[in-house]
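Participant:
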Amino acid sequence: MNSLRDIHSDRVLGFGPYAFHLNQRLVLEGDRPLRLGGRALDILQVLVERAGSVVGKDELIALVWPRSVVEEINLRVHIAALRRAFRDGQGGQCYIVNIPQRGYSFVAPIQQIAQPLPVSPQGPRAHHNLPARLTPVTGRDALVGSLVRQLPVRRFMTLTGPCGIGKTTVALRAAELLLQHYGDGVWRVDLAVIDDPAQVVDHLTRTLEMDVGTTLETLAHRHALLIFDNCEHVLESCRILIEALLISAPRVSILVTSREPLLATGETLLTLPPLVVPPVSALHSVDEVMGYSAVQLFVNRARAIEQGFTLREQDLKAVREICRRLDGLPLAIELAAAQIDALALVGLQAQLDNCFQVLTQGRRTAVPRHQTLKAALDWSYERLTPLQQTVLQRLAVFKSAFTLDAAMGVVSCASLLPVDLTVVLESLVLKSLLSKERTHGQSRYRFLNTTRRYALEKLEHSGALRTVEMRYAGYISQVRRPSGRHVSLQLVE
């Protein structure tokens, strides 16, 4: 679904109480979306489009997993999931049947369902303001499916994650799939275009084309989805507005994207993970490596830049290293792929130590702070307090995960007490500039490679790099002594 025309001209096939929106990849039972993963939907589409015919197991696997080696058990798992979803009292048998030694067949009658555009008493009106999507969304089927299932029930969800992780992309894709669910439309409120927190309410009313002076009670009877996109710089105003909307407009659902949570009443958090980078053990075949979302995105974008680009076996190590060094961040991978015609794979890999100089060919249509990865990090960094900036810089000397004790041993000083450091570390986690994980009962903090490189450059420009490196070396030396061997585990992966 790459255009607004596609969104409106959705092809819908009906069977039993279900409606399968093919373009939106959504199955509804009445108004309720079914919980189906991306592969299950692929299988269902093949079967319903060949309803009444038998589709062989090998053919079905080849169509659904065209570039992967998959065992038949994978197919059986997804068939079972489809049967569980279709609650007919017969385990889905009246829809999908197994033909022994041959394959599967969809046996229920299929009918084409006409989908007229919604029309108000005053005539046709816009049903959404979503931008046309020009490229497919890679590696986010499960996450988008989770949003589509949960939003109508939970009403208020926030997508969080670092800059470049694809929060807006995921939110807009989920919104496309929910267009048919919300009778009064789906509306994106892009807060990246305003800087003054006092403008948040006015910006909402302008986006919804409401009359000047209209109160939020006007939305009381609307069944709509509002997407508050890029909220991190106006958190408090968004929190107040959304909490008021949840009370005054009980049929409105809200999806927020932000680098940190709003911490509002009723908020459900969903943190976006990076795209999946293949392990070294996968570097044996192109088909196996192409099963990983980070590589899929890189190859798709590289082909858009350089027609005829083909991933070869001798390229696998370089492509994996590029995706790994870029943390599986979609924005960084896209910007790297844009350089493929100028640098080629080997040149691109060699230049990644200067990643912010390489990843400069940004999105001209985006607001300035979203055009390149460095611009996005600049925007986050400039909104930190001086103390937060100092801590972020000094922590960059850690090349791997570190504990709170290790951070205190290297970063603390007379002007930065341990108790203050604890608070700052947690604030950087909230702002998605650090991640926090818990292993073996102990909390560890970790940088993304790109964020660490950015903070290290800031530390070098401040003139304090040598001093902090000496403190780091002294701490390492101390914990490696026999008396401190129990501490050394804090610095070892």
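Read left to right, the sequence shown gives residues 1226 to 1718 (the numbering used here).
Beta carbons: idealized from backbone N, C-alpha and C, even for Gly.
Give the straight-line distance between the Cα atoms of Arg1550 and Ala1561, rounded to the nearest whole angstrom.
Facilitator: Cα to Cα, Arg1550 sits roughly 11 Å from Ala1561.
Participant: Should the stretch 1400–1408 be regarded as contacting the stretch 1502–1510, the criterion being three or more beta carbon pairs within less than 8 Å?
Facilitator: At 8 Å Cβ cutoff, the stretches do not touch.
Participant: Can you check which of these residues, Trp1412, Glu1461, Asn1299 and Arg1678, is closest to Thr1430 by C-alpha distance?
Facilitator: That would be Trp1412, whose Cα lies nearest to the Cα of Thr1430.
Participant: DSSP puts His1353 in a beta bridge; with which residues?
Facilitator: DSSP, once it has assigned bridges, lists Val1411 as partnering His1353.
Participant: In whole angstroms, give me the CA-to-CA distance for Leu1495 and Ala1445.
Facilitator: Between Leu1495 and Ala1445, the C-alpha separation is close to 27 Å.
Participant: Assuming Tyr1329 contacts Leu1285 under a Cβ cut-off of 8 Å, what Cβ separation, rounded to an integer in Å, is found between them?
Facilitator: Right, their Cβ atoms sit about 7 Å apart.
Participant: Taking its Cβ as the centre, do 16 or more other Cβ atoms sit within 10 Å of Thr1610, making it buried, or is it exposed?
Facilitator: That one is exposed.
Participant: How many Å lie between Lys1683 and Gln1618 at the Cα?
Facilitator: Distance between the alpha carbons of Lys1683 and Gln1618 is about 6 Å.
Participant: Taking the alpha-carbon positions, what's the Ile1321 to Glu1296 distance?
Facilitator: Those two C-alpha atoms are separated by around 20 Å.
Participant: Can you give me the C-alpha to C-alpha distance between Val1502 and Gln1574, rounded to a whole angstrom?
Facilitator: So the alpha carbons of these two residues sit roughly 15 Å apart.
Participant: Could you work out which residue in Ala1306, Pro1291, Gly1281 and Arg1365 is closest to Pro1325 when comparing CA atoms only?
Facilitator: Here the closest residue by C-alpha is Gly1281.
Participant: Looking at the strands, I want to know which residues DSSP matches up with Leu1238.
Facilitator: Note: Leu1238 sits in a beta bridge opposite Phe1245 and Gln1337.
Participant: Which residue from His1448, Pro1504 and Ile1467 puts its Cα closest to that of Val1185?
Facilitator: Any property of residue 1185 remains undetermined from this structure, which presents the chain solely from 1226 to 1718.
Participant: Please report the Cβ distance between Val1505 and Met1515, rounded to the nearest whole angstrom; I am assuming they are in contact, meaning their Cβ atoms lie under 8 Å.
Facilitator: With a Cβ gap of about 16 Å, Val1505 and Met1515 do not count as contacting.
Participant: Excluding the five sequence neighbours on either side, which residues of its own chain have a C-beta within less than 6 Å of the C-beta of Val1635, listed in chain order?
Facilitator: Same-chain partners within the cutoff: Arg1696, Tyr1697 and Tyr1700.
Participant: Does Asn1455 come out as helix, strand or coil in the three-state DSSP assignment?
Facilitator: If DSSP states are grouped into helix, strand and coil, Asn1455 belongs with coil.
Participant: Below 8 Å CB to CB, which residues in the same chain sit around Glu1559 once its five sequence neighbours on both sides are set aside?
Facilitator: Cβ within range, chain order: Leu1522 and Arg1526.
Participant: Cα separation between Arg1236 and Leu1266?
Facilitator: Approximately 15 Å, taken between the alpha carbons.
Participant: Relative to the C-alpha of Pro1242, which candidate in Ile1335, Ile1268, Ala1276 and Val1289 has its C-alpha closest?
Facilitator: Ranking the options by Cα distance to Pro1242, first place goes to Ile1335.
Participant: Please report the residue range of the beta strand (DSSP E) in which Gln1521 lies.
Facilitator: Element bounds for Gln1521: not the beta strand (DSSP E) but the alpha helix (DSSP H), Ser1518 to Ile1530.
Participant: Of the choices Ser1637, Asp1540 and Phe1453, whose alpha-carbon is the least far from that of Val1425?
Facilitator: Looking at the Cα atoms, Phe1453 is the closest of the given residues.
Participant: With H, G and I counted as helix, E and B as strand and the rest as coil, what does DSSP make of Gly1727?
Facilitator: Lying before the first or after the last residue shown, residue 1727 is absent from the chain, which here runs from 1226 to 1718.
Participant: Which of the three DSSP states is assigned to Thr1647 in this structure?
Facilitator: Helix.
Participant: Closer than 9 Å, CB to CB, is His1353 near chain C or not?
Facilitator: Among the protein chains of the structure shown there is no chain C, as only one such chain exists.
Participant: Within its chain, find whatever has a CB closer than 7 Å to the CB of Gln1667; leave out the 5 residues flanking it on each side and keep chain order.
Facilitator: Excluding sequence neighbours, Gln1667 sits near Thr1628.
Participant: So, for Thr1394: in the same chain, excluding its five sequence neighbours on each side, which residues have a beta-carbon less than 8 Å away from its beta-carbon?
Facilitator: Taken in chain order, the residues that qualify are Val1362, Arg1365 and Pro1555.
Participant: Please state whether the Cβ-Cβ distance between Arg1275 and Gly1263 is less than 9 Å.
Facilitator: Cβ distance not < 9 Å, so Arg1275 and Gly1263 don't count as in contact.
Participant: Comparing alpha-carbon positions, which option in Glu1685, Ile1338, His1686 and His1458 lies nearest Ala1244?
Facilitator: Of the candidates Glu1685, Ile1338, His1686 and His1458, the one whose C-alpha sits nearest the C-alpha of Ala1244 is Ile1338.
Participant: Indicate the three-state DSSP secondary structure (helix, strand or coil) for Met1435 in the structure shown.
Facilitator: Three-state result, Met1435: coil.
Participant: Looking at the strands, I want to know which residues DSSP matches up with Leu1479.
Facilitator: A small fix is needed here, since residue 1479 is Ile in this sequence, not Leu. In DSSP, Ile1479 forms a bridge with Phe1381 and Leu1451.
Participant: Have a look at the DSSP bridge pairing and note the partners of Thr1496.
Facilitator: Beta-bridge pairing links Thr1496 to Thr1385.
Participant: Could you tell me which residues DSSP pairs with Lys1661 in its beta bridges?
Facilitator: Answer is Tyr1670, bridged to Lys1661.
Participant: Buried or exposed, going by whether 16 or more other CB atoms sit within 10 Å of the CB of Thr1675?
Facilitator: Under this definition Thr1675 is a buried residue.
Participant: Can you list, in chain order, the residues of its chain with a C-beta nearer than 7 Å to that of Arg1691? Leave out the 5 residues immediately preceding and following it.
Facilitator: If we look at Arg1691 and ignore the five residues flanking it on each side, it has no Cβ neighbours.
Participant: Could you give the distance in angstroms between the alpha-carbon of Cys1199 and the alpha-carbon of His1665?
Facilitator: The question about residue 1199 has no answer here: the residues shown for the chain are numbered 1226 through 1718.
Participant: Report back the beta-carbon spacing between Ile1268 and Ile1304 to the nearest angstrom; my notes put them in contact at under 8 Å.
Facilitator: At roughly 7 Å, the Cβ-Cβ gap stays under 8 Å, so Ile1268 and Ile1304 are in contact.
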